[in-house]
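Here's the structure, in structure tokens; my notes come after.
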């Protein structure tokens, strides 16, 4: 592989990893607080739909982002009320929401885009930051949509928040031993609601990235399991933010290989590469890639 | 244990200047449904003093603490904190009033460092761990507690974790500090330093309330003692070291425990006339030099040797926590002795699994029937035949009709009352559940030895009488019985002889006669006359 081709590969790996980074970072927060959000897939799909709709209607991708967030928050709220207030099974409700959302977005897509489904919608264009973008050889790596830089900023801020603030510590603790946290006078349920809503916000951004920054259109079920992949990244990253970021980049690279390998003349069935991240995840969940230490109270509803 | 000896480094109890009552309880009672856990409690907890609550399990000590800390609310009576009425709605409310509690079960997050645990719920913004740690360490040192603020809690010993819990309470600068059985989890050498801390906290002007059933600790730490029994305060002492004998008597005696009518259950039993026998009887069970050291290194059983012959009922008396539970657990096959051996009907059982122990003809009525002896969600019939389902198997399938009939027979024989044998076990009353467990264990094939640990705990009078009638019938049919109970009167009425456990050892033995009641009481407090 030539250097140029390799740089293209790196750039597309990052681009493909960005939606995962958003969603996985969101999922990380709620899992740290003790809630598994299977519905992150549905949230991303809704975000993608909302983003496309807003951008198509107004021609502004920023309105698209706003739509994405506004569409996803009620879904996050539904998930949060079901699991935190009504203490329903987190996995079952999450999958239920995903199926519901698939139906809703498909219906919405046919309503709004039906006859102009081939049209490209106005989205975010890639942009090169000054200095970094001008670097020789590796400059193209930094040629990314602005949202990618937003993701990086959010992740750095979040890492600081979780480890250096009282709320961050309480959030982590709520996923380990919510009773102890409650005894210390922290409202656990409110904390968990907040964590799930944050996941919704992040999933909305990740979904919108897919539809308005990458593909510039919406298609039925277009996330194709990206949300599940985000959950997998959290597990693969062993519930630690920097490892989760690495997992997302790895999964992005595996996807990018699909496009790169044919270009350099390696004939490998495409399906084999698509299944790679999932295979890695299965190995990780089975405990074959390091030891997985999940938050102790993960997926357990909190009863006073 | 040299009771009453001054502990080094512990300042002598403060001079008895006029103590000021901080929290006063008048006529306080608490009912849970029909069950009266506490009644007519009048107590004053004074600032600058350590007040011990003494009593057996179920005497109401924990309930009393929970009322003061706002976990439960009293059903009668009033509490006053200084001069204002005090009725905490929840623990947060209690903490707002300056009341803090160290629970028996810690509420620490093992995955986090000590400092994070201490700051949860107190600081929400940016954490300056280093500065906070310095402040907290200074506070801890003031009370003689050493603290390693950056260690991960999960890596620390139980004693160190308890210190964190105490520091967590002290950070609120409490006016009243409650400690619920704080020494139960500690190593002997850690106990002294904890009592040390309690004294310092009291001297700082705080009222300290400590629950315990260890008498030696009282002499070391307490300015005042209240003995609870059957939900009532049956004795007070402002000079505990001098009143030790009276306190023990109050703790175990039947007088004064007016709410405690359990003894009628045994007083209705006819006196026992051991069947006449000729020559020496064969041994039903033999314990040879058994010791047990628990996972934190405390010696819970210390060289216990005991033989029970067929047809004999031996009672184990002792203040709770002196090794009885550990003995029961070893004889049930749930834990293994650290050293020594034991035999059932002549066969060595030291390393046997519960199934092998049952097969050797040992019936077990464990301390906790919900956890160990039954499965609440299964039917009564299934519970009556746990472990022997294969008896009803036809070509590998259970013949339900056959099983139901067998269950009905057992229900009739042991007077287990339930709508029918298919009722879920958890829907039965406590008495009927226990009778069902007895029915199963007493029909163990070739029953030679029965272990009964607190078989009447939580039962009503009728059920107590039934339980002991069945146990005696088993003894009359030549089963040897080891009966562990904290109810001395029941032991006196049911057993043939009584051995007394103190600090994991048998420190004395007496025939079970009410003439020996005071003598046994002394043995229970660790005094060998």
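Protein chains in written order, with our numbering: chain P, 953 to 1256; chain Z, 77 to 605. Think of the CB as a built atom: it goes at the ideal place given N, C-alpha and C, for glycine as much as any other residue.
Notebook entry, point to check: In or out: residue 579 of chain Z buried (at least 16 other Cβ within 10 Å) or exposed?
Noted result: As a working mapping, residue 579 of chain Z is identified with position 503 in the second chain. That one is buried.
Margin query: Please classify residue 1236 of chain P as buried or exposed, where buried requires at least 16 other C-beta atoms within 10 Å of its C-beta.
Written below: Position 284 of the first chain, counting from 1, holds the residue named residue 1236 of chain P. Buried, by the Cβ-count rule.
Notebook entry, point to check: Under 8 angstroms Cβ-Cβ, which residues of chain Z neighbour residue 1121 of chain P?
Noted result: Within the first chain, the letter at position 169 stands for residue 1121 of chain P. What residue 1121 of chain P touches in chain Z: 188, 192, 195, 196, 203.
Next item on the list: Check whether the Cβ of residue 168 of chain Z lies closer than 7 angstroms to any Cβ atom in chain P.
Entry: Within the second chain, residue 168 of chain Z is the residue found at index 92, counting from 1. Yes, residue 168 of chain Z lies at the interface with chain P (some Cβ there is under 7 angstroms from its Cβ).
Next item on the list: Please list the segments of the alpha helix (DSSP H) lying wholly inside the region 252-316 of chain Z, counting only runs of 4 or more residues, in order along the chain.
Entry: 264-279, 291-297
Next item on the list: Would you list the residues sitting across from residue 382 of chain Z in a DSSP beta bridge?
Entry: By 1-based counting over the second chain, the position of residue 382 of chain Z is 306. Residue 382 of chain Z pairs with Z/363.
Margin query: Given this structure, state the Cα-to-Cα distance separating residue 116 of chain Z from residue 153 of chain Z, to the nearest angstrom.
Written below: The residue you call residue 116 of chain Z lines up with position 40 of the second chain. The residue you call residue 153 of chain Z lines up with position 77 of the second chain. In a straight line, the C-alpha of residue 116 of chain Z is about 8 angstroms away from that of residue 153 of chain Z.
Notebook entry, point to check: When burial is assigned at 16 or more other CB atoms within 10 Å of the CB, is residue 103 of chain Z buried or exposed?
Noted result: Taking the second chain and counting its residues from 1, the one referred to as residue 103 of chain Z is at position 27. That one is exposed.
Note to self: Quick test of your reading: residue 974 of chain P and residue 1154 of chain P, contact by CB under 8 angstroms. State the CB separation rounded to the nearest angstrom.
What the structure shows: Here residue 974 of chain P is taken as the residue at index 22 of the first chain, counted from 1. Here residue 1154 of chain P is taken as the residue at index 202 of the first chain, counted from 1. Contact holds; Cβ gap of about 5 angstroms.
Notebook entry, point to check: If we ignore side chains and look at the alpha-carbon of each, how far apart do residue 1049 of chain P and residue 1031 of chain P end up?
Noted result: Taking the first residue of the first chain as 1, we reach residue 1049 of chain P at position 97. Taking the first residue of the first chain as 1, we reach residue 1031 of chain P at position 79. Going by the C-alpha atoms only, they are around 8 angstroms apart.
Note to self: Here's a check: name, in chain order, each residue in its chain whose Cβ is nearer than 7 angstroms to the Cβ of residue 1168 of chain P, leaving out the five neighbours to either side.
What the structure shows: Position 216 of the first chain holds residue 1168 of chain P. Cβ within range, chain order: 1072, 1073, 1075.
Notebook entry, point to check: What three-state label does DSSP hand residue 127 of chain Z in the structure shown?
Noted result: Numbered from 1 along the second chain, position 51 holds the residue referred to as residue 127 of chain Z. Correct three-state label for residue 127 of chain Z: strand.
Next item on the list: Would you identify the three-state DSSP class for residue 248 of chain Z, choosing helix, strand or coil?
Entry: Counting from 1 along the second chain, the entry for residue 248 of chain Z is found at position 172. Reduced to three states, the DSSP call for residue 248 of chain Z is coil.
Notebook entry, point to check: Mapping DSSP to helix, strand and coil, what is residue 160 of chain Z?
Noted result: Locating residue 160 of chain Z in the second chain gives position 84, counting from the first residue. It is a strand residue.
Note to self: Quick check on residue 1178 of chain P - is its C-beta less than 7 angstroms from some C-beta in chain Z?
What the structure shows: Stepping through the first chain from its first residue, residue 1178 of chain P is reached at position 226. Chain Z contact via Cβ: absent.
Margin query: I'd like the list of long-range same chain contacts for residue 1147 of chain P, defined as Cβ closer than 6 angstroms, with 5 residues on each side in sequence excluded.
Written below: What you label residue 1147 of chain P is simply residue 195 of the first chain in a count that begins at 1. So the list reads 981, 982, 985, once near-sequence residues are dropped.
Next item on the list: Answer yes or no: does any C-beta atom of chain Z fall closer than 7 angstroms to that of residue 1135 of chain P?
Entry: Walking along the first chain from the start, residue 1135 of chain P turns up at place 183. True, the Cβ-Cβ gap to chain Z drops below 7 angstroms.
Checklist line | C-beta atoms of residue 428 of chain Z and residue 409 of chain Z nearer than 7 angstroms | finding: As a working mapping, residue 428 of chain Z is identified with position 352 in the second chain. As a working mapping, residue 409 of chain Z is identified with position 333 in the second chain. Cβ distance < 7 angstroms, so residue 428 of chain Z and residue 409 of chain Z count as in contact.
Next item on the list: Between the Cα of residue 375 of chain Z and those of Z/366, Z/238, Z/484, Z/196, spot the shortest distance and give me the residue it belongs to.
Entry: The count along the second chain starts at 1 and reaches residue 375 of chain Z at position 299. For residue 375 of chain Z, the nearest C-alpha among the options comes from Z/366.
Next item on the list: Grab me the residues of residue 1122 of chain P's own chain with a C-beta within less than 7 angstroms of its C-beta, minus the 5 sequence neighbours each way, in chain order.
Entry: Along the first chain, one-based indexing puts residue 1122 of chain P at 170. Hits under 7 angstroms: 1133, 1138, 1143.
Checklist line | Local Cβ density within 10 Å of residue 255 of chain Z, reported as buried at 16 or more and exposed below that | finding: Start at 1 with the first residue of the second chain, and residue 255 of chain Z comes out as number 179. So residue 255 of chain Z counts as buried.
Notebook entry, point to check: residue 515 of chain Z to residue 316 of chain Z, Cα distance in whole Å?
Noted result: Along the second chain, one-based indexing puts residue 515 of chain Z at 439. Along the second chain, one-based indexing puts residue 316 of chain Z at 240. Distance between the alpha carbons of residue 515 of chain Z and residue 316 of chain Z: 45 angstroms.
Next item on the list: Quick one: give me the first and last residue of the beta strand (DSSP E) that residue 122 of chain Z is part of.
Entry: By one-based count along the second chain, residue 122 of chain Z stands at place 46. Start and end: 111-122.
Notebook entry, point to check: Would you call the CB atoms of residue 393 of chain Z and residue 567 of chain Z closer than 7 angstroms?
Noted result: Numbered from 1 along the second chain, position 317 holds the residue referred to as residue 393 of chain Z. Numbered from 1 along the second chain, position 491 holds the residue referred to as residue 567 of chain Z. Their beta carbons are under 7 angstroms apart, which means residue 393 of chain Z touches residue 567 of chain Z by this criterion.
Item checked: Inter-stretch contact at 8 angstroms, needing at least 3 Cβ pairs: the region 476-492 of chain Z / the region 443-461 of chain Z -> yes
Next item on the list: Indicate whether at least one CB of chain Z lies closer than 7 angstroms to the CB of residue 986 of chain P.
Entry: Stepping through the first chain from its first residue, residue 986 of chain P is reached at position 34. Not one chain Z Cβ lies under 7 angstroms of residue 986 of chain P.
Margin query: For a cutoff of 7 angstroms on Cβ pairs, would you count residue 1138 of chain P as touching chain Z?
Written below: Sequence index remark: in the first chain, residue 1138 of chain P carries index 186 (1-based). Yes, its Cβ sits closer than 7 angstroms to a Cβ of chain Z.
Checklist line | Cut-off 6 angstroms between Cβ atoms - residues of its own chain near residue 319 of chain Z, not counting five sequence neighbours on either side | finding: Position 243 of the second chain, counting from 1, holds the residue named residue 319 of chain Z. Taken in chain order, the residues that qualify are 313.
Checklist line | Beta-carbon contacts of residue 959 of chain P that lie in its chain and below 7 angstroms, excluding the five residues immediately before and after | finding: As a position in the first chain, residue 959 of chain P is number 7, starting the count at 1. Closer than 7 angstroms at the Cβ level, and outside the excluded window around residue 959 of chain P, lie 1089, 1090, 1092, 1093.
Notebook entry, point to check: chain Z beta carbons: is any one of them nearer than 7 angstroms to that of residue 1086 of chain P?
Noted result: Residue mapping note: residue 1086 of chain P aligns to position 134 of the first chain, counting from 1. No, residue 1086 of chain P does not count as interfacial toward chain Z.
Notebook entry, point to check: Where DSSP assigns a beta bridge to residue 418 of chain Z, which residues make up the other side?
Noted result: Counting from 1 along the second chain, the entry for residue 418 of chain Z is found at position 342. According to DSSP, residue 418 of chain Z bridges with Z/363.
Notebook entry, point to check: With 7 angstroms set as the bound, which would you pick, yes or no: does the beta-carbon of residue 983 of chain P sit closer than that to a beta-carbon of chain Z?
Noted result: Walking along the first chain from the start, residue 983 of chain P turns up at place 31. No, its Cβ sits nowhere closer than 7 angstroms to a Cβ of chain Z.
Notebook entry, point to check: What are the residues of the region 1170-1203 of chain P that lie near chain Z, defined by any Cβ-Cβ distance shorter than 8 angstroms?
Noted result: none
Next item on the list: Specify the secondary structure class of residue 1148 of chain P as computed by DSSP and reduced to three states.
Entry: Position 196 of the first chain holds residue 1148 of chain P. In the structure shown, residue 1148 of chain P sits in a helix (DSSP, three-state: H, G or I).
Check: Per the contact definition of three or more C-beta pairs closer than 8 angstroms, is the region 492-504 of chain Z in contact with the region 443-454 of chain Z?
Finding: yes
Notebook entry, point to check: Does the beta carbon of residue 206 of chain Z sit closer than 7 angstroms to a beta carbon anywhere in chain P?
Noted result: One-based indexing of the second chain puts residue 206 of chain Z at position 130. No, residue 206 of chain Z does not count as interfacial toward chain P.
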